[in-house]
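One structure is given here, and the rest of the page talks about it.
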Amino acid sequence: MPWGVGVIGAGPGVSALHLPTLARVRDRFEVVHVSDAGSGRARQLAESLGASHSHGVVDLLADPRVEVVAICSPPEEHAAQIRAAVEAGVRAILCEKPLATTAEDAEASVRACREAGVGLLVGTNHLFDPAWGRATHHLIARRARVQTVSITVALPPNGRYHALVTEFEQARGSHPRLDHDDPEVAGAIVRRLMIGLGIHDLPIVRDLAPDFDRILYARPVAPIGYAVGFVSSGVLVQMNAVMLGGGADALWRIAVGTDADELEVEFRPAFTHDGSALVRVRSPGGRTVEYPREPSDGYVAEWEALSALIDGVQAVEYDALLEDAVYAVAVADAAGAAAREGMLS
Amino acid sequence: MIGVHADEPRYLVAIAELPVTCRAAAEDGAAVVVTRGLGPALHGASVAVLVDPGAVEDLDDPAGRAVIVDRARLRADVAADAGAHPGAVLLSAHCVTTAAEMRDVVRDAVGWLRTLGGEVLGLDEAHATPQGIVALLRSGERAATLAVTVLADGDAAARPRLRALAVGADRVEVLVDGLGAAAVSVSTEAGTTLLPARREARERLALRRAIDALPGHPAPDLRDLRHDDRIAAAILSSYQSSLSPA
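Top to bottom, those sequences are chains A and B. Using the working numbering, you'd call the opening residue of the first sequence number 101 and step up by one each time. Using the working numbering, you'd call the opening residue of the second sequence number 4 and step up by one each time.
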């Protein structure tokens, strides 16, 4: 019998991401309940699946068929909803990234799950991408010392990829014009984007360079994006991202410079199920090796990992989840403050 | 035919590849002189082709002569292919280099940021460890970033390479390999186009440009080189500091 899943949230991330992904692992999971925050979107999504629908989380968590909860609400609500799900006695939780927006919330959420023995997984799909496993294996096998990490993200509107995996009315219009010269706005943009977009890669950065040291610079990038540099475990890290109003296909590249060679990981566009990322290794002498891509992707892999946690095949990595969350909050806080201070100075 | 003076064997090859336009000439009878500096060796030449410029601050004033600069990773034809992109919202460059070649490589990486941005650059931040550098620059109102990974000098096979990127609705990427060969790709909503490779030897290109500069059309090469070198030197001072004992 598949595990019954209650999905909290009914926005594009659910319609375009989790429902199509769960349809790919239907032998292990079945959506039984979808809730929204009052928009009414849950009804349409649930009806097409023959599932229940509701507003808020109370009815969903009281639904006896809900054994697993997928938390796909705005980031500020994640921590409280994790604790509510634990209190309701669910078996496992998949929480969309970030786990929490403050270190205190992250600690409380992980502690609640650990004490209740509830399985917890955060949907950091890049970390689960089979290609990242390949890349990690390469670094370990080469005993490479990481020197630099450079991440470049350029994204067209999500709607382009939503249209490939779901059907719904696309939101029209462009990003609101933000006053990047206002220090408070600049700081808020950078912090929010780091915790909302940079979070895709911060667990990977922590994997490579676990001890955050200090921010070197941070500034917002128009129309909406950031350029952030920091040091972690002595490694220089550069994270650039920008969300655009249209144009070229998505670029999402992580370049890891080591004393042995340079590793590049190019992820596929978000929402699509187009196989794993591409891993390319360039040696100092110029030899380039590309590993074959895998048919699976990080979205499917994270649900498969949750299944393994529920089955007891894998242990829940509470400490790693907490450290990932605390690391991300520390980087985001420092980047936001640096962007604000940079404008002030 | 235009007299060209060159001691460098690869420039003698370039002269041989322009048999209708050029002839090898002695220093004092050459209109074009291939040189590593801008001093007295120029004699009466109208144009200098500056090869592998080392310390730019030590270069003499060219005294009104046109100067064409032959840069290993920033060919003029590839730069023209890639073009300037005023609509780009973010520029970035990433290079991998040995410490020994760092100044030239970082200078060329800065040159690519200038080329793609179409504007002079300002340096906001530069931070280094003995293994790398990150820098934040400005191209007008836009952010431009540079990352450098430093290879061990002991690896004789190591060859520097760089990548530069202009991000806007369209995206332009330049990849320069260890031989200096560049691939320029342009990505739009319609897909990615790889521009034709430039296969002319860079020395022949430099000579042709020098000949084009003869009738009094000064090229911006030396001004650009000084700009790029000044920024690179400021970035590299952070690297030198990282090597000093605390």
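Just so you know, even glycine gets a beta-carbon here, dropped at the ideal spot from N, CA and C.
* **Residues near B/T152 in its chain [Cβ-Cβ closer than 6 Å; skip 5 each side]** => Counting only residues of its own chain and dropping the five nearest sequence neighbours on each side, B/T152 has a CB closer than 6 Å to the CB of V99, G135.
* To do: Could you tell me which chain B residues have their CB closer than 7 Å to the CB of A/N340, listed as they occur along the chain?
  => The contacting residues are L93, S95, T148.
* Asked: With distances taken from CA atoms, which of B/G6, B/M4, B/P12, B/I5 is nearest B/E206?
  -> Here the closest residue by C-alpha is B/P12.
* Where B/A85 and B/A167 are concerned, what is the direct C-alpha to C-alpha distance, given to the nearest angstrom? -> Inter-residue distance for B/A85 and B/A167 is about 10 Å (C-alpha atoms, whole angstroms).
* Consider the Cβ of B/A112: report whether some Cβ of chain A lies at a distance smaller than 8 Å. => Cβ-Cβ to chain A under 8 Å: no for B/A112.
* Asked: Taking the C-alpha atoms as reference points, what is the distance between A/R319 and A/V290?
  -> Spanning the two alpha carbons is a distance of roughly 7 Å.
* Asked: In the structure shown, what three-state DSSP assignment does B/E206 receive?
  -> The answer is helix: DSSP assigns B/E206 an H, G or I state.
* Terminal residues of the continuous alpha helix (DSSP H) containing B/A27? -> Not the alpha helix (DSSP H): B/A27 falls in the beta strand (DSSP E), residues 25-27.
* **Contact set between the region 369-403 of chain A and chain B, restricted to residues whose Cβ is under 7 Å from the partner** => So the close ones are P384, G385, G386.
* Cβ distance (whole Å) where A/C195 is taken to contact A/V222 below 8 Å -> The beta-carbon separation of A/C195 and A/V222, rounded to 5 Å, stays under the 8 Å limit for a contact.
* **N-terminal and C-terminal residue of the beta strand (DSSP E) that B/L139 is part of** => In this chain, the beta strand (DSSP E) harbouring B/L139 covers 135-142.
* By the criterion of Cβ-Cβ separation under 9 Å, what are the contact partners of B/V177 in chain A? -> Simply none; closest approach about 14 Å.
* Asked: Buried or exposed: which applies to B/H220, given that a residue is buried once 16 or more other Cβ atoms fall within 10 Å of its Cβ?
  -> Exposed is the call here.
* Exposed or buried, which one is A/E187 when buried takes at least 16 other CB atoms within 10 Å? -> Label assigned to A/E187: exposed.
* To do: With DSSP as the reference, please indicate the residues paired to A/I171 in a beta bridge.
  => A/I108, A/C195, per the DSSP bridge assignment.
* If we ignore side chains and look at the alpha-carbon of each, how far apart do A/R128 and A/A203 end up? -> Straight-line measurement puts the Cα of A/A203 at about 32 Å from the Cα of A/R128.
* Asked: How is the beta strand (DSSP E) around B/M4 delimited, first residue to last?
  -> Boundaries for B/M4: no beta strand (DSSP E) harbours it, and the DSSP string shows neither H nor E there.
* To do: Spell out whether any CB of chain A is found under 8 Å from the CB atom of B/D173.
  => Yes, contact with chain A.
* Give a yes or no on whether 8 Å exceeds the smallest Cβ distance from B/D127 to chain A. => True, the Cβ-Cβ gap to chain A drops below 8 Å.
* Asked: What residue from A/A415, A/V132, A/G140, A/P310 has the CA that sits closest to A/V107's CA?
  -> Checked all of A/A415, A/V132, A/G140, A/P310; the closest Cα to A/V107 is A/V132.
* Asked: Terminal residues of the continuous beta strand (DSSP E) containing A/A327?
  -> 324-332 is the extent of the beta strand (DSSP E) around A/A327.
* To do: Could you tell me whether the region 409-419 of chain A touches the region 129-148 of chain A, using the rule of 3 or more Cβ pairs below 8 Å?
  => Using a C-beta cut-off of 8 Å, the region 409-419 of chain A makes no contact with the region 129-148 of chain A, since fewer than three inter-stretch Cβ pairs fall below that distance.
* Taking only beta-carbon atoms, is B/L139 less than 8 Å away from chain A? -> Chain A places a beta carbon closer than 8 Å to that of B/L139, counting this residue as a contact.
* Tell me whether the beta-carbon of B/A185 lies closer than 8 Å to the beta-carbon of B/V81. => The Cβ-Cβ distance between B/A185 and B/V81 falls below 8 Å.
* **Touch test, the region 398-407 of chain A against the region 236-253 of chain A, Cβ-Cβ under 8 Å, three pairs minimum** => A contact between stretches requires three or more CB pairs, one per stretch, nearer than 8 Å, and the region 398-407 of chain A fails this requirement with the region 236-253 of chain A.
* To do: Would you give the residue range spanned by the alpha helix (DSSP H) that B/S49 belongs to?
  => Counting along the chain, no alpha helix (DSSP H) covers B/S49, and no H or E run does either.
* **A/I251 versus B/V23 - alpha carbon distance** => Distance between the alpha carbons of A/I251 and B/V23: 49 Å.
* Distance, Cα to Cα, B/L140 vs B/T148? -> Distance between the alpha carbons of B/L140 and B/T148 is about 6 Å.
* Asked: Excluding sequence positions up to five away, which residues of its chain have a Cβ less than 6 Å from the Cβ of B/D178?
  -> It is Leu, not Asp, that sits at residue 178 of chain B in the sequence shown. Counting only residues of its own chain and dropping the five nearest sequence neighbours on each side, B/L178 has a CB closer than 6 Å to the CB of R166, A186.
* Asked: What are the complete alpha helix (DSSP H) segments, minimum 4 residues, inside the region 120-182 of chain B?
  -> Listed in chain order, nothing qualifies, since the region 120-182 of chain B has no complete alpha helix (DSSP H) run of 4 or more residues.
* Is the Cβ of B/Q134 closer than 8 Å to any Cβ of chain A? -> Interface annotation, B/Q134: in contact with chain A, CB-CB separation under 8 Å.
* In the DSSP assignment, what residue or residues form a beta bridge with B/D73? -> Paired residues: B/V54.
* Asked: On the premise that A/I193 lies in contact with A/V218, defined as a C-beta separation below 8 Å, what is that separation, rounded to the nearest angstrom?
  -> About 6 Å separates the beta carbons of A/V218 and A/I193, which is inside the 8 Å limit, making them a contact pair.
* Asked: So, is A/G385 buried or exposed, given that buried needs 16 or more other C-beta atoms within 10 angstroms?
  -> Around the beta carbon of A/G385, fewer than 16 other beta carbons sit within 10 angstroms, so the residue counts as exposed.
* Check the Cβ-Cβ distances between A/D279 and every residue of chain B, and say whether any is below 8 Å. => Not an interface residue.
* Return the first residue and the last residue of the beta strand (DSSP E) that A/H118 is part of. => Counting along the chain, A/H118 sits inside no beta strand (DSSP E), nor does DSSP assign it H or E at all.
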